[in-house]
Amino acid sequence: MTVPNEIQSVSLQINGIQHLLNIEPRVSLLDALRDHLHLTGTKKGCNQGACGACTVLVDGERINSCLALAIQYEKREIVTIEGLANSDELHPMQTAFIDHDGFQCGYCTPGQICSAVGMLAEFGSGAPSAVTQNGAPTELSDAELRERMSGNLCRCGAYVGIREAILQAHLAETR
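Residue numbering for the sequence shown follows the numbering used here, starting at 1318 and increasing by one per position.
Here it is in structure tokens:
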């Protein structure tokens, strides 16, 4: 049995690098990333899972890192905004966000980008959304895109650029 304040060793695979942390079991993945590993691209917005600023990818699926305990993610591949680029080459979603001004203040942008990457993978695998009609989705309609990205808020209102960026990256993927 683990005592709540007892320090534990946890090994996390983040952006292709193994990190050994000594943390309390109740440390969120978000706090482990920001406070212990100094990967500050992932943002703390609401700290309640409502805004999506803390979205990261775990084994290719998007999660709210503020709601996840770091110790739950041993032996899983975690990718943050810092890990999307390939050396000096931006991820196509990052490029699309720049091309379409998919940001204003930039605070929500890392979570938006990680969420969009995960969302396109979900869409590509045929996973339905709440607005999908008759089984698997066949096109990334505006309704599909809005529903699938509804967990990510932008307080600046950059949604037009965000949607255009996601559509650009999606079209590039499907070519």
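For every residue, glycine included, the Cβ atom is placed at its ideal position computed from N, Cα and C.
In the DSSP secondary-structure assignment, His1487 is not bridged to any residue. Membership of Leu1437 in the alpha helix (DSSP H) is indicated by the continuous run Thr1426 to Gly1441.
Following the DSSP letters along the chain, one finds Arg1379 inside the beta strand (DSSP E) bounded by residues Glu1378 to Asn1381. Sixteen is the threshold: when 16 or more other Cβ atoms of the shown chains lie within 10 Å of the Cβ of Cys1425, as they do, the residue is buried. Rounded to the nearest whole angstrom, the C-alpha separation of Ala1367 and Pro1409 is 26 Å. With a threshold of 16 other beta carbon atoms within 10 Å, Gln1411 meets it and is buried. Contact between the region 1452-1459 and the region 1369-1389 is not established, with fewer than three Cβ pairs separated by less than 8 Å. Annotated as proximal: Cys1431 and Leu1374, with beta-carbon spacing under 7 Å. Check the Cα spacing between His1355 and each of Ile1331, Ala1433, Cys1363 and Arg1343: the tightest is with Ile1331.
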